[in-house]
Structures are given as C-alpha cells and as structure tokens.
Amino acid sequence: MIRSMHLVEGRELRTGLSRDEFREVIANGQGLLWVDIYQEPREAVEPMLREVFGFHPLAIEDALDEAHVPKVDDWGSYLYVVLHAVLNSTLQDGKELQTDEIDIFAGSRYIVTFQDYPIPAVDRVWNVVQRDHRVLDRGAGHLLYRIIEETESDYLTLLDSIDDTLSRIEDEIFANPEPTLLSEVFSLKRVLLRIRRGIAPQREVINKLARGDFQQFSPEDRMYFRDVYDHLVRLNDILESLRDLVGSALEIYLSVVSNRLNDVLKTLTIITTLFMPLSFIVGFFGMNFFQATDLFASWTGRISFVVVLSAVGATPILMYTWMRRRAWV
Amino acid sequence: MIRSMHLVEGRELRTGLSRDEFREVIANGQGLLWVDIYQEPREAVEPMLREVFGFHPLAIEDALDEAHVPKVDDWGSYLYVVLHAVLNSTLQDGKELQTDEIDIFAGSRYIVTFQDYPIPAVDRVWNVVQRDHRVLDRGAGHLLYRIIEETESDYLTLLDSIDDTLSRIEDEIFANPEPTLLSEVFSLKRVLLRIRRGIAPQREVINKLARGDFQQFSPEDRMYFRDVYDHLVRLNDILESLRDLVGSALEIYLSVVSNRLNDVLKTLTIITTLFMPLSFIVGFFGMNFFQATDLFASWTGRISFVVVLSAVGATPILMYTWMRRRAWV
Amino acid sequence: MIRSMHLVEGRELRTGLSRDEFREVIANGQGLLWVDIYQEPREAVEPMLREVFGFHPLAIEDALDEAHVPKVDDWGSYLYVVLHAVLNSTLQDGKELQTDEIDIFAGSRYIVTFQDYPIPAVDRVWNVVQRDHRVLDRGAGHLLYRIIEETESDYLTLLDSIDDTLSRIEDEIFANPEPTLLSEVFSLKRVLLRIRRGIAPQREVINKLARGDFQQFSPEDRMYFRDVYDHLVRLNDILESLRDLVGSALEIYLSVVSNRLNDVLKTLTIITTLFMPLSFIVGFFGMNFFQATDLFASWTGRISFVVVLSAVGATPILMYTWMRRRAWV
Amino acid sequence: MIRSMHLVEGRELRTGLSRDEFREVIANGQGLLWVDIYQEPREAVEPMLREVFGFHPLAIEDALDEAHVPKVDDWGSYLYVVLHAVLNSTLQDGKELQTDEIDIFAGSRYIVTFQDYPIPAVDRVWNVVQRDHRVLDRGAGHLLYRIIEETESDYLTLLDSIDDTLSRIEDEIFANPEPTLLSEVFSLKRVLLRIRRGIAPQREVINKLARGDFQQFSPEDRMYFRDVYDHLVRLNDILESLRDLVGSALEIYLSVVSNRLNDVLKTLTIITTLFMPLSFIVGFFGMNFFQATDLFASWTGRISFVVVLSAVGATPILMYTWMRRRAWV
Amino acid sequence: MIRSMHLVEGRELRTGLSRDEFREVIANGQGLLWVDIYQEPREAVEPMLREVFGFHPLAIEDALDEAHVPKVDDWGSYLYVVLHAVLNSTLQDGKELQTDEIDIFAGSRYIVTFQDYPIPAVDRVWNVVQRDHRVLDRGAGHLLYRIIEETESDYLTLLDSIDDTLSRIEDEIFANPEPTLLSEVFSLKRVLLRIRRGIAPQREVINKLARGDFQQFSPEDRMYFRDVYDHLVRLNDILESLRDLVGSALEIYLSVVSNRLNDVLKTLTIITTLFMPLSFIVGFFGMNFFQATDLFASWTGRISFVVVLSAVGATPILMYTWMRRRAWV
C-alpha cells in the first residue's frame, strides 16, 4: 500500500496524493510530504522512487532488495536511513521475535518510509500526526525523530519483557531445574544476539544524526536526536546486562542441578552405608555352617510373618512418600 | 517539597524563598541560590521550572519524566546534569538496592536539584551548607562539586559493604555450600550490573566537567572535579574487581560442591567395595547345596543373638554419628 | 591456465590475447583488459607478471609464494590486493572448508587475477562479464568491485549454511547428546576461526578502498565499495554471533548430559533406597537363629516356584523395556 | 619520622635539616633537598607541607587523607605523584600482600616523599644516596626515577614469587587436589586483582613522565622514565599471564577432581557389576524351595569355616591396602 | 664469541676484523660491517660497545643486563632494537620452549647483534650472507630486515608445530581422555602465553620500522619491513586461534570425561536396577518362615552345583572381557 499526507503550514492536511502531486510538491518545495509504502510489489515501487523522487539506483536497490545493517548514507539532497524495528514487542506465549527493516528517504521537504510489513511504530506515528498536524509543521528532521523514537521505544518494551521472562526463569530454575527452562534460556540468548546485531549499528546511525554530520537538519533537531541517542545508549546497557544475566541463568541452572545431584547421591550413600553392613551381618548368620536352633521359634511364627509382610509392603510406600516430599519423583 | 536557600556574600542566609524571590534573584544576579525539590507533584514543578527559571522543555521533560543515563547537557546559560544516587548505602539484612536519579540545573548563580525521593547525599550537603555558609560563597561550581562528591561517596560505602558481604559468602561457601548462598551471589551480581550501568556514564559526566568543556566553571572548580573523577576511576576499578570476585564465588561454590560430591562418592565406593565381596561369600555358604552342621551350634545361641541384635541396632546409630561429624546430614 | 578479455568501449570484446597484445594494451592505454590466471606453473607466470606488466618483485613474490593475510598495497600505478575466497560455500556431508587466496593487480586499464585453484566467485564474474560487456565499460574499479562482492557473497552463503548446521546440532543435542555431535561442534569452531582470520583483515581492505585512500578509483566506485563494506560488517556480525552460538551449543551439551546423569542417578538411588531395606529384612529372617516352620508350607510349593521363576525371568525384560522407553540403552 | 638530606654540588651532604633550613633551601634554590616523612601524625605534617613548602591544600589533603589511584598532577612549580608500593615483596608462609601509598612532591630543587609506613624501596634509595652522592647531583628528576624504579622492582620480585607459588600449586593439584589448594588459588586471585588496580594507573603515570608532558624534567630524565615504562609494560604482561594462569589452575583443579571422580565411580561400577549377579545366583540357591543336601558336607566343615572367617577378615584389609595405593583414603 | 664481516661494494668480503678495524670502518664510513657477539663475558663486551661504537650506557645496559620487552629506541645515529627469538622451533619429545633476546644496534654503516646463546635464525642469515654478498650491498636496513624475517619465520614453524600437537592431543582426548593429555594442554597454554608476550610488542617494533618513523632506512627498506609486519599480523592471528583451540581442548576433555562418566553410571544403574529386585525375591524365599521342600531336590544336586560354580567363576571373566571392550579397565 502507498499512503501519503501533505501539509503546508496554515493550510489543511491533504492525504492520498497522486504521483503527479508528489512530483509537484517536490518541485514546488512547500510544506512537508510523508509517503509511507508497505506490502507493495517491487515493480510498482521501484519506478516511482527512481522517476518521481529521483533517488540513486544503489539506494533504491538497498531499500528493495536485501536485509541490511542499519546505516545512514548522505546522498546530497536527501539522506537514506536504514533502521531495524520490531514487529512484536513482547515474546509472550513462545512467540518468536520478528524484526523488519524500515528504509527512510529524508529530504528537506519530504519523508519516504518503506517497509515490507506494516511496522507498529510507524503506524503509531502516522496516527499521531493525523491527529496533531503540528508535528509536520516542525519539519522533516522532527518527523524523522518521531519515527526513530517510536521505533526505539518498542525495543525498550521488548527488553523489559525479556528481563521479566528471565527473572521468572531464574526463579523457576531455583525451584525446579527443568531442561525446558534451559531451552528457553538459549532461545532468549539467540533473540538477544539478533537484537544486538540491530541495535549496535542503529546507535551509530543516531550518533551521526546527533553530531550534526548532516546539513539537512537544524540544531534544534540535533538536540532531539541526541535525546534518542541517550535512550539508545541506555538500551544498549540493558541489552548487555541481559546478556550477562542469560549467562547467569545458565550458571544457576548448572549449580542447582549439581546441588540436587549432590543431594541425591548423599541419600544413596547414606542408605548404602547403613544397610550394607547390616546385610553382611544377617548374611553371615544365614550360612549353613550354623544349624538352626529352636530357641527363637516364636520369631518365625504367624504374627511376625504378618509383620514382615506388612513391612515389605509398607517400605516402598513410605520411601515413595518421602522422596515425593523431596521432589524427586 | 520545595526548599531553598540564598546567600549573598557578607549578608545573612535566607531560606524558604517565594517564587517571586527566585525570579528576582535570577534577574538580580547576586549571591548563590539553591532550590531543592523532592516528592513534589509534576504539575507543580513543571510550570516553575519553565516560567521562573526558563529551562528548555526537553530538559524539563528529561528531569520529570523518565529514568535516564547520567549525562550532562550544555544549554548555554545553565548545565543540565543527571546523576544516579543510592538511597541505601548498605545491603544488610537482605535489603534491595534502591537508586534514584538526581537532576541538577546548574546556572552561574543558582543550583536547582530535583529528586523523586529525598536522597541522603543531597540532604547531607544541605545540612553542611546550613552550618557552614562558606560553601555557598565559593560559587555554583563548588556547590555542584560538593553534591557530586557526596553522591559518589555513598557508592564507595555501598561497594565496601558488598565487598564485605562477598568475603563472608566466600567463607561460608568453603564451610558449607548452601544453595541460598548461590542465590545471594546472583543477586549481588544483579546489583553490581545495576551499579555499573549508573557509574560508567557518571564517570564520563565528571570527566567532561573536569576537562573544562564548560565555560560555567572556574579552573579552581575543575581541579575539584578532577579529584572526584579520580575517585570515580577508583570506584570503577573496585566495581570491576567485585564483578570478578562474584565470578570467583561461583567458581568456589562449584568446586566445593564437586569436592564434597567426590567425598561422598568415595565413601559410597569404599563401603560397596568392602561389603559386596563379603556378602557374596556369606551368600555362597547360605546356598542349600550345603547341609547345616552342628559344629558351631554355640554361634547361634542366645548370647550371639543378643550380640547380633545389638549390632543391627547400633550400626545405624554409629553410622549416623559418623556422617554427622562429616557434616553430611 | 591464462585467459583474458579486452574491451574498448563501442568495439567488440576480444578474448584469448597474446602477451604481445597485453603489452600493447598496457602501453596503448585504451579499454579495459582482464587477465585471469589459475593452475599455472610458477615459472610461466613470474616472467609475464614481471616483464609484461612490470609489477614489483615483492608483490609478485607475495602473489606466487605464500599464504597471506588479506591486504591492499598501493604500488603507484597499480594496487595489489590479496583476498581470501571460499571454494565450497556449504559444508554439507562433512566436507572440509577450502579457501584459496585471490591475488589481484588492479591498474587503471587492467585487472590481473591470480588463483591457485579456479575460484567459483571469479568464474561467475567472468561469465557475467562475457554476457554483459557493460561491466567492463564502467572501468577497472567497478570490475574489482564485482569480483570482491561475488567473493563476499560466497562467505554469506557459507555462514548461513553453518547457522543451519548449528541449529540442527542444537536440536539433536537436546534430543540425544552424542559425543559425535560434540566433535561436529568443535570442527565448526575451527572453521569459524579460520573464516574470521580471513574476514577481519578483508574488512579493513575494503574499508581502505571505500574511504578513498587510493587515487585509482572514482567517487562512484567508492560508493560501491562502501556497499560491500556494509555487507562485510554484517558478515562479521553474523560470524561473531555464530561463534557465540558454538559456545552455546557446548553449554547445551554439557547441561543436557548433566541432566541425564541426574536422571540416571535418581533412578539408581530410588531403586537402592527401595530394595536395600527390604533385602535387610528378608536377610534377617534368613538367619539360622530361627528354625524353619511348616506354617507356610504352601508358599514354597510348586506353584509359587513357577511364579518366582517367572518373576526372575520377567524382571530383566520389564526393566529393559522401561529403560528403553527412557532412552538409556 | 621526618628525615632529610641536602646536597649542593661540590659541597658536603647535610642531613637532619630544620624547618627553617628547608625554607632557606627552597628560597635559595641551590642543590637538591630530599625530605622523607613516615609514621608522622597528621597534625605535624600538614602545617609543614602547607607553610614551608606551600603546596596546594587539595594536594596535601590527597596525600594525608585517603587511599588514591596512582596519578600525577602538575601544580606548576611542582608535581604531585601518587604511587603504590608493596611492603612485602614475597607472599611466603601465608603472608598477606601489604601495599602502601607513596606521595611524592617533586619540585625542581626538592623531593618530598610521604608514606604511612616505611616503604622498603624508598629506604633502599635513601641508603644508596647516602653512600653515593652523585645521584643527588643529577637532579630531582633522576632521584624521582630512582625511587620509582626501586618501587617497580619490588613488584617484579613479588610477581616472580607469585609465579613460583602458582607453579607449585599446579603441581600439587595434579598430585592431590585438596580444597586448601583451591583457597590458596582464590587468595592469589584477589592479590593479583589488587596489584592490577595499582599497576595499571601507575603505568599511565610513568607514561606521562616519559612522554615529556611536564617541563620540570630534562630530556635525559625522560629517557630514564621511558626505561621504567618498559619495565612496567613487562610487569603488566606478566600480571596478565598470571591472571590467566590462575584461571588455568582452577581448570586443572576441576578436571583433576573430575578425573578422580571418574576413577572412583569406575571402581564402584566394576565391583557392583561383578558381585551383584553373583549375589543373585547364590541367593537363588539359598531359597527354601530347595532342601539342603548332604552331598557337599565337607564344604561346611571346620576347615572351610576357618577359611571363610579368614576371608571375611582379610577382605577389608586387602581392600584398604589397595585403596591406600590409589590414594583414596 | 665475536665474529665480524665487512664488505665494501665491489671489493672482497673481509672477516674476523680487529677492534681497530671496527673503529676505522665506523670512522671511514664505507661499506657495511656486521659484528655478531654471543656467549661472550660481559666484561669483554661492555667496553667495546662503549668505546669502539660509542653506544649510550643505558642502551648497553639494556643489552647486557636484563630480559626486556621487544622494543626499538632511536638514539640518533643508530637504532637499538630488542627482539625475542626462539632457540628451538619445535616442541617435540617434550622439549621446553627456549627463547633468547637478540639486541641489535643498527647504524647506517654497521649492524651489531648481541645474543646470550647462538640463535639459529641469526646463524642462518650469517651463512646466507657469506654465500651471497649482495645482501650486504643493499645496506644496513636490508640486513636488519633479513635478520628479523628469519627470526619471525622460526616463530611460524613453532606455531605450526604447536597446531599439529594440539590436533593430535584433541584426537587422543576423543579416543581416551588421560590426565597426562591435560597436563600437555596446560603446558602448551603456558608456552603460548610466553610467545604472546614476545610477539605482541615485536609487532609494534616492526610497525614502527615499516611506518618510516626512523630516518635511517630508505623507502625501499620500509616496504620490506611492511612485508614482515604482514607476517607478524598473521602470526598473531594464528597465535590467537591457538589460544582459542587450547581452550577448546580443555572443553573437549571435560565433555568427553563427562560422557564417559555418564556411560559408567548408566551401566551401574542398569545392573543395580536389574539385580536388586531379583535379590529381594530370592532373599524373600530364603527366610526361615518357610520350611525347605524336597520337591526340587534335583536343583541342588551335583550337576547344578557344578553349573553354579562355573557360573560364579565365569561371571567375573565375562564381565571383565565386556568392560575391556568398553575400554574401562
């Protein structure tokens, strides 16, 4: 889909512009135009970007083709910015992390955003802008800032949800170290690796925008980018802590398992240590060197047989109950 | 609460100034004004910061809204400094680490400090200043230095207390590796991660102040900031050592557990190795290939039965005593 | 083999040029010449490179002799570029990673590529160029870019295939931790180490080309090199993630093994705990202190003997079936 | 104690100068004065440093108060240098590492050294200088170099002694992995952490002196500082290797323990595997389904009873001897 | 020994020059002089270096005294270069790594090399130069390059031999994890640490030579140094990989041991699980509640006794054979 909005200060917001109107706006140079493209076939988008906006073939190819590291390229009259955004900002119920690339062409009078799937962050900004036109009045730099900030805030939500999940897993490991918890930990580790691959270069992109490497934005815009940059630094810190904690979760797992093992083997040793000597003693007097006496005939009478049978029947039940209580079975 | 003090050199200290007096002092430009705000509703603070002091909306938003990485922003006539401070400087009795953000606006003639909760460090400086006015006479830079130094010194106390806790835990692990010690170690690890997230950027902030990036402070002030910077470098070193030692504590735990396990299993093996062959031998002569003889009738007499019963009764008691002594049970 | 192609814009492509024609083209300075050398004896190549092209002895020696780290040397009128390429871009069916060095001499009017074995990437570019002459029209820099890009894209395929292999191994470890999986993991680790040794300096080479350290290439070429550089940064990120995941695979292995061990030992302990007391009890009443009574004669009749024999025969079969189900045997 | 020496070239060495003489020498500006202060109450030192030498209050506070990271501050007419020195340069017989801070004020005509405890390195230089006055003739820079070099050389001795200790521990672990060895390893780890916290900034201090950041010293002096810097780089390398080897010692411990465990459990399994089936067989024929025959009456005669009793008595002794030989008991 | 050679272009090579001839050559300034000193008493060398060549006392002291980090010092008319060389370039048959320091004084017309032991690399260059005088014609820079290159190439041989050793050890660990293999791995780790301590600063030395920091060498020489620098970078890469693989070898060891342990304990558990219930059953019917019947008299006859005795004798043999096959004993 291609959707667009155009605002000249003081006038009314126009939406759903045609290509000719795009061309006119770019030539004319008044107001701010935002074109948002998603789930559109390549053949439809490529000619528009090339002919209507006149972007460089390499930039268009980058946008249409292939997954890229986040980056910003200065093509003179416009910037080409690649960001990674998350499509789902929590991982509850075993959902996989889904990320998508946002390609943004930012000229002084227009912003063109291009996504494969509709990204929630972009959508939210689109809706805000429709309700509050003043965002457009503050220029392309400010709109770019809004989109980037919204994108990063989804990462923050995601990391917070991962942090909660990790805390829960840690508690469960201390309570009962199941292998399924391990596999959850390792899939979180993979997720964090993927996020880091997106966040680290993203930070560099925002840093460039904040440092004022590009003439396209005003000092006021730069201040806002610096603010986003601060968020990204924090995001990165949290990410590193989480990676550290994933490592801790594994260490906790291994040490809790090793504790349990110790417990189990202590029991085994105690039982063996108690009963092996006893078995030897009673075995000794079971040898046929000795003739059975009738001194203790009552010990092998009916009553004692019933008692023995009961003991034989009760021992497994008692043991099972005891092991249940220690959470072994 | 909003509390304030104002000192013009040579005159008496005024406290509890009204908003109009703030305005007057800022316009007038004489003496040093310190306004300290905490536990105040957002709606009350925001207009004052904006209208009376004329701070930039972005800086005010940063201060009121959201947890930030420590940073310093130069807004021309004033600096905006974000620091992290600890509310409790020891973790005894299982207390959690509580940190809060201090937002400081430092102009040449005023310091505005803003906290969510009353931070002990700020409170201490407030009390010192009331007793000893000369601190105010030395200017805004010096007051800022005092606040920062007090804040950092709480971190030092905290790290020292963590170091003590770790030493205690290590000793306890060597004595008796309990899973609860492990969970203490891991919670210390989380605490250190949080402190590092505060300290590392804090160091960068002080470095900027010490390097003289800002015109607002005199060379004399910079010397003091350099001193705090040295403390922070040391703090960071201690922090890294502690992180290292937390790792060691875990290694100690695992190796002590593995030692104990070894001990337990050695006992198991010794007992089994001793009694299994014996049981086989006595079992062999218990087979019904052999007819019982009456050669050793006395061995199965009353006395020996009593001895056997005693042995059967005593063995568990002896074993239990022995295992007690080895701290197994 | 030595193969060559020469294109002057607007004219037809010439292939299979003689040495004299090489000399002529270099002197003449028109069009673009590509000479590709592989599996050629050292004695045949060395004089041609020295006399016909006039390369520096040190550069020729580097090319002919010995494995090198990827690098780029500026020899004034030409660049000497060393790259590493992969000969097989998947490791399926236990194939070993095979890499080869490409030595490229890039003058303004010619490209000389030298390989020990025919490298698939170079071959693909050769075929593309034969079908589409325009690549040659864009100059030596562009041709160099095409060769490098094709080389890097093989690395990407390789890393993707390693990623798949790792995922498969992880799943198999969770299902059944076999030592052969471990040895697969460690051989992947060796492969990744080798790839890193090639990729890291390669990135530096492309960075130099992209930064415009060399006068030989136009700004347009540099843009393309920057694009390849972005790919290499991504490659490196993936590589680091994979190294991380290889470490995870080992951790998974160890923790799954330790889980199984726990399981096995729990069973051992349960069985021992159940049967040791029982064995003691029945042993106690097997002592010859007691004379056998004829109260329970029926218990040792024919029927019960058959039952006992069946039990003795059935127990191993049942146990074996049960252990099979738990995947122990 | 406060001790002092003063040498004007060509004249005789004066020792034990009074405060007035200090003042005179500083004003006069001839020769080189060395004042060494240790174990002196704060109240006595502070006024002297402030009034006689005129040092900055912040520098004096740093020197008197509180443990600091090694650093060098340029106060114009003098440098303030903080170094860490070791009081004991070996750790034999379980001695703890003791370090102390040396504070050095280095003017062009005087050196003031301040320590809490008499540091051996400073003492050694003091004695050398008394024997060989030429050291003083070469100026304050050279004297500073001598003090620093002597300090560093104690670190080298210390690290060498730690290296020896580690080798010994490694050998003992291979021979017999005792938990006390582990605790030795971990205390070495703590020592290395402490040394690193002193060495790393020390290196930076010497680097600044060697780079010629300070006007107070001649190029000749700088050459000597560069020499010390080289030593410190080596010291640091050794330190890092030792930290690595401490990690190895732990790995050795864990793997030797795990080897032993394996050994122990193999024995357990072998014994169990051998005797459990045998016990079953002999148990089978002990059942009362079978009437005892008199076919093998001789097997249960006197002689065999003695043999059995002997076997029962000898087995534990043999087993114990065998386990002794394998170093289990 | 002190040996020397001197070549003036076009003339014949002179060897075995006297000290006066050294002096003359240095004064005269024609041709290239190489003086190689080894296993010479300190008292003989020191005056020569000081008086004949006029080197700085600090440089001479560095050369004669004490082990140093590789470094290069510019003393104006000559360079002082310290390198580390290996005396044995393989570690076969348990040989220890032996390294020595080469001290090189490189003036524009002479090279003085000083070693404690004759270093093979220097020796090889000496022999090559005697056969092929042209090396000397290319000047002091080129001779220095030859010596350095030869030195580095021994490191490469050494690392290759370590790589082979590691591969062999890894294979042996997979086949049979012996503690002696572990101790081999750890001694390799120590060797690699030592090599790294030599290689890392060596690389910096060559880098300085290659970057042209020194006026003494021609641009042509620099090109050659750059070539050696490339080798060193590769050496360093290999070194890092080897350190990584040493870590892997340990991980392999631990996981193979843990696998074996698992195997052993599985067997223990299976045996116990099979025979414990059986022992209980047969024990039950061995109790004296039951009078023996004569129903199965034939079961306790002569034949079955022989069978039982055979079984009792054969079981240990069979078990032993089976454990042998599983490589336990």
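Which chain is which? The protein sequence lines are F, C, W, L and Z, in order.
Mind the numbering: the first sequence is residues 47 to 375 in my numbering, read in order.
Mind the numbering: the second sequence is residues 47 to 375 in my numbering, read in order.
Mind the numbering: the third sequence is residues 47 to 375 in my numbering, read in order.
Mind the numbering: the fourth sequence is residues 47 to 375 in my numbering, read in order.
Mind the numbering: the fifth sequence is residues 47 to 375 in my numbering, read in order.
For every residue, glycine included, the Cβ atom is placed at its ideal position computed from N, Cα and C.
Partners in chain L for C:LEU365, counting only beta-carbon separations shorter than 9 Å: Just to set this straight, residue 365 of chain C is Met in the shown sequence, not Leu. Near C:MET365 there are no residues of chain L at all, since even the closest Cβ is about 16 Å away, more than 9 Å.
Measuring alpha carbon to alpha carbon, tell me which residue in C:ILE157, C:GLY77, C:ILE298, C:VAL174 is nearest C:GLU55. C:GLY77
Closer than 8 Å, Cβ to any Cβ of chain F: which residues of the region 323-349 of chain L, in chain order? GLY332, ALA338, THR346
Three-pair Cβ contact test at 8 Å for the region 336-355 of chain W versus the region 343-354 of chain F: yes
So with Cβ pairs under 8 Å, would you call Z:ASN305 a contact of chain W? yes
So Z:LYS117 and Z:VAL251 are in contact, right, with Cβ under 8 Å, and what is the actual spacing, rounded? 6 Å
Alpha helix (DSSP H) segment containing Z:GLN161, residue limits: Here Z:GLN161 belongs to no alpha helix (DSSP H); instead the beta strand (DSSP E) covers 156-161.
Tell me whether the region 324-334 of chain F and the region 234-244 of chain F touch, counting them as touching only if at least three CB pairs, one residue from each stretch, are closer than 8 Å. no
Cβ neighbours of W:VAL81 in the same chain (closer than 6 Å, five flanking residues each side left out): SER50, VAL158
Identify every residue that forms a DSSP beta bridge with L:GLU131. At residue 131 of chain L the sequence reads Ala, which differs from the Glu that was named. Answer by DSSP bridge pairing, in chain order: L:ASP146.
Since C:TYR124 and C:TYR191 are thought to touch, with beta carbons under 8 Å apart, how far apart are those beta carbons, to the nearest angstrom? Contact doesn't hold; Cβ gap of about 16 Å is too wide.
Residue nearest to W:GLN161 in terms of C-alpha spacing, selected from W:VAL174, W:GLN138, W:ILE193: W:ILE193
In whole angstroms, what separates the C-alpha of L:HIS52 from that of L:GLY185? 12 Å
What separation, rounded to the nearest whole angstrom, lies between the Cα atoms of W:LEU416 and Z:ILE316? Since the displayed chain W opens at 47 and closes at 375, residue 416 of chain W lies outside it and no answer follows.
Sequence-distant residues of its chain with Cβ nearer than 7 Å to L:HIS114 (five each side left out): ASP108, VAL128, GLU147
Count the other C-beta atoms from every protein chain shown that fall within 10 angstroms of the C-beta of C:ILE215, then say buried if there are 16 or more, exposed otherwise. buried
Same chain, Cβ closer than 7 Å to F:ARG289, five either side skipped, listed in chain order: LEU238
Selection from C:LEU189, C:PRO87, C:GLU218 that minimises the alpha carbon distance to C:TYR163: C:PRO87
Closest to W:ASP25 by CA distance: which of W:ARG249, W:LYS312, W:GLY258, W:ASP259 is it? Lying before the first or after the last residue shown, residue 25 of chain W is absent from chain W, which here runs from 47 to 375.
Enclosing beta strand (DSSP E) for L:HIS277 [first to last residue]: From DSSP, L:HIS277 is part of no beta strand (DSSP E) but of the alpha helix (DSSP H) over 265-330.
Considering just the uninterrupted stretch of the beta strand (DSSP E) at W:ASP119, what are its terminal residues? 117-120
Does the contact criterion of 3 or more C-beta pairs under 8 Å hold for the region 302-319 of chain F versus the region 303-322 of chain W? yes
Check distances from the C-beta atoms of the region 84-115 of chain C to those of chain F and list, in chain order, the residues that come in under 7 Å. LEU104, HIS114, VAL115
By alpha-carbon positions, which one of C:GLY100, C:HIS102, C:ILE106, C:ASP169 ends up nearest to C:GLU89? C:ILE106
Under 8 Å between beta-carbons, which chain F residues line up against C:MET369? List them in chain order, please. ILE316, THR319
Could you pull the DSSP bridge partners for F:TRP345 from this structure? The partner list for F:TRP345 (beta bridge, DSSP) is empty, contrary to what the question assumes.
Going by beta carbon distance, what residues of the same chain come within less than 7 Å of Z:GLU198, once the five residues before and after it are set aside? VAL274, HIS277, LEU278, LEU281
For the beta strand (DSSP E) that contains C:VAL81, what are its first and last residues? 78-84
How would you list, in chain order, the residues of chain F whose beta-carbon sits under 8 Å from the beta-carbon of W:ASN308? VAL303, ARG306, LEU307, VAL310
Reducing DSSP to helix, strand and coil, say where Z:MET369 ends up. helix
C-beta atoms of C:PHE101 and C:PHE68 nearer than 8 Å: no
So for Z:ILE208, helix, strand or coil by DSSP? helix
DSSP three-state label for Z:PHE335, please. coil
Please state whether DSSP places C:ILE48 in a helix, a strand or coil. strand
Write down the C-beta distance between Z:LEU307 and L:SER301 rounded to the nearest angstrom, noting that I regard them as a contact closer than 8 Å. So it is not a contact: roughly 12 Å between Cβ atoms.
Extent of the continuous alpha helix (DSSP H) to which C:GLY244 belongs: 225-257
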